[in-house]
Amino acid sequence: MLNITTGCSSNAVTKDTAAATAYSVTDSQGYTIDFTAKPHRIVSFSISTDEILLDMLPSNRIAAVSSLADDPGISNVVQKAKEVPSRVPRNSNAEAVLALNPDLIIIPDFVDTNVIQSLRDLKLNVYVYKTPFTVEKVKNSIREMAKLTGDQQNADKLLAYMDTRLDLVQQKLGQLPPEQQKRVAFMRDNGVYYSNKTSFHDVFKNSGLYDITSDIENRPDGLLSQEEIVRLKPDIFIMADWNYDGKHDSDDLKNTILSNEAYRDIPAWQNENIILINGSRIFSLSQYMADAILELAQKAYPEKFN
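My numbering applies: residue 4 is where the sequence shown begins, and numbers increase by one.
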């Protein structure tokens, strides 16, 4: 009788434990994934989730990350990525991903829908997340990853990491009135690109800076003409140092800008005011976005951080 009672009790505990572990999560496309346990072979398709996951989880729970995780020009987790054995195939081949034996695939919404569907056709757990473009949406992405992986405690640490930096900027700058905010333009090798789907606007706002593209209304995405840049009169040109193909050296771009007489009426050109920022920060859509905000604020308003 004791053995029978003990056995029944043990079975009850096992069922209770399984029920406590089981959970479901719905992605941005309305697909629901049911988990009976935390995933332990996660495949991450983008650098933003690479960074979140590698700072949130032990590397042995991640089966593969994107190839960008190895590039120090864009990745903040190069060392941690070395502990992950595989990389997502560049051509996103579904069979190659299947060979990784994943129990969860995390993929951004900008990936071709055919790729996403081909992975789902293989009966794989695919979670499509909405690409974040603001600080608050990045925080939401971190919370999403916590729900997916069942690791809320470590997610809270990443959120605290962001808040520490954001709070410092707020403490040093306070609420700068618009007339005291420096006007900035993010310069690429082909000029200033306008889009309402970019994180730069929110990064600049949180850094106490004014994005000159905020003055543009009812315009399709695309490059601004030199005339538009001159008309918007930035106080500072901001550039990233990511030489992504070996042909876009930041010093060359700086010299090109400063030798362009078309910009002679722009304060940024007149004062040679160019801020070079780490590409892994300014392009980040993870917790490292807060580092970009702090770095920009420090470089744009050094007198307030002395």
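Built from N, CA and C at the ideal position, the CB exists for glycine as well.
How is the beta strand (DSSP E) around residue i delimited, first residue to last?
| i | result |
| --- | --- |
| S27 | 26-29 |
| T201 | Neither: T201 is in no beta strand (DSSP E) and is coded neither H nor E. |
| A295 | Run containing A295: none in the beta strand (DSSP E); it sits in the alpha helix (DSSP H), 292-303. |
| V91 | V91 -> no beta strand (DSSP E), and no H or E assigned at all. |
| R191 | 185-191 |
| S121 | Where S121 is concerned, there is no enclosing beta strand (DSSP E), although the alpha helix (DSSP H) it sits in stretches over 116-124. |
| L212 | 212-214 |
| S47 | 45-47 |
In the structure shown, what three-state DSSP assignment does residue i receive?
| i | result |
| --- | --- |
| G282 | helix |
| I110 | strand |
| F308 | coil |
| F207 | helix |
| L2 | A query on residue 2 cannot be resolved here, the shown segment of the chain reaching from 4 to 309 and no further. |
| I219 | coil |
| V80 | coil |
| Y266 | helix |
| A40 | coil |
| V195 | strand |
Out of the options, which one is the CA nearest neighbour of residue i?
| i | options | result |
| --- | --- | --- |
| I296 | S217, L235, Y213, L169 | L169 |
| Y304 | D37, Y196, P270, L179 | L179 |
| Y213 | I239, Y164, G225, N199 | I239 |
| V141 | T216, S202, V195 | S202 |
| A149 | M59, S49, L261, G33 | M59 |
| R234 | F48, D115, Y266, F207 | Y266 |
| Y34 | N246, Y291, P135, I119 | I119 |
| N193 | P92, P88, T259, A66 | T259 |
| N209 | V138, F286, E231 | V138 |
| T134 | D294, E298, F286 | F286 |
| V28 | N246, N128, F136, A72 | N128 |
In the DSSP assignment, find the unbroken alpha helix (DSSP H) run with residue i in it and report its ends.
| i | result |
| --- | --- |
| Y164 | 155-176 |
| D53 | 50-59 |
| T259 | 253-261 |
| L151 | 138-152 |
| L71 | Here L71 belongs to no alpha helix (DSSP H), and DSSP marks it neither H nor E. |
| R234 | 229-235 |
So is residue i buried or exposed if we call it buried at 16+ other beta carbons inside 10 Å?
| i | result |
| --- | --- |
| R186 | buried |
| P181 | exposed |
| E306 | exposed |
| D53 | buried |
| R284 | buried |
| L261 | exposed |
| L226 | exposed |
| G211 | buried |
| N63 | exposed |
| T152 | buried |
| T116 | exposed |
| Q290 | buried |
| T167 | exposed |
Using only the alpha-carbon positions, how far apart do residue i and residue j sit?
| i | j | result |
| --- | --- | --- |
| E220 | L171 | 32 angstroms |
| L162 | D244 | 26 angstroms |
| S228 | L101 | 46 angstroms |
| K41 | T24 | 8 angstroms |
| D159 | D37 | 23 angstroms |
| D124 | V81 | 32 angstroms |
| N94 | D268 | 46 angstroms |
| A271 | K126 | 54 angstroms |
| D310 | Y132 | Any question about residue 310 goes unanswered here, given that the chain covers just 4 to 309. |
| D255 | R90 | 32 angstroms |
| Y164 | G282 | 19 angstroms |
| V46 | L57 | 11 angstroms |
| H43 | Y130 | 15 angstroms |
| Y196 | A84 | 31 angstroms |
| Q155 | Q184 | 37 angstroms |
| F207 | T39 | 42 angstroms |
| S49 | N263 | 36 angstroms |
| Y26 | R222 | 44 angstroms |
| L274 | I241 | Strictly speaking, residue 274 in this sequence is Asn, with Leu absent from that position. If I take the Cα positions, the gap works out to 13 angstroms. |
| A188 | E147 | 32 angstroms |
Using a threshold of 6 angstroms, is the CB atom of residue i nearer than that to any non-hydrogen atom of the ligand ADP?
| i | result |
| --- | --- |
| I241 | With respect to the ligand ADP, the structure offers nothing, as it holds no ligand at all. |
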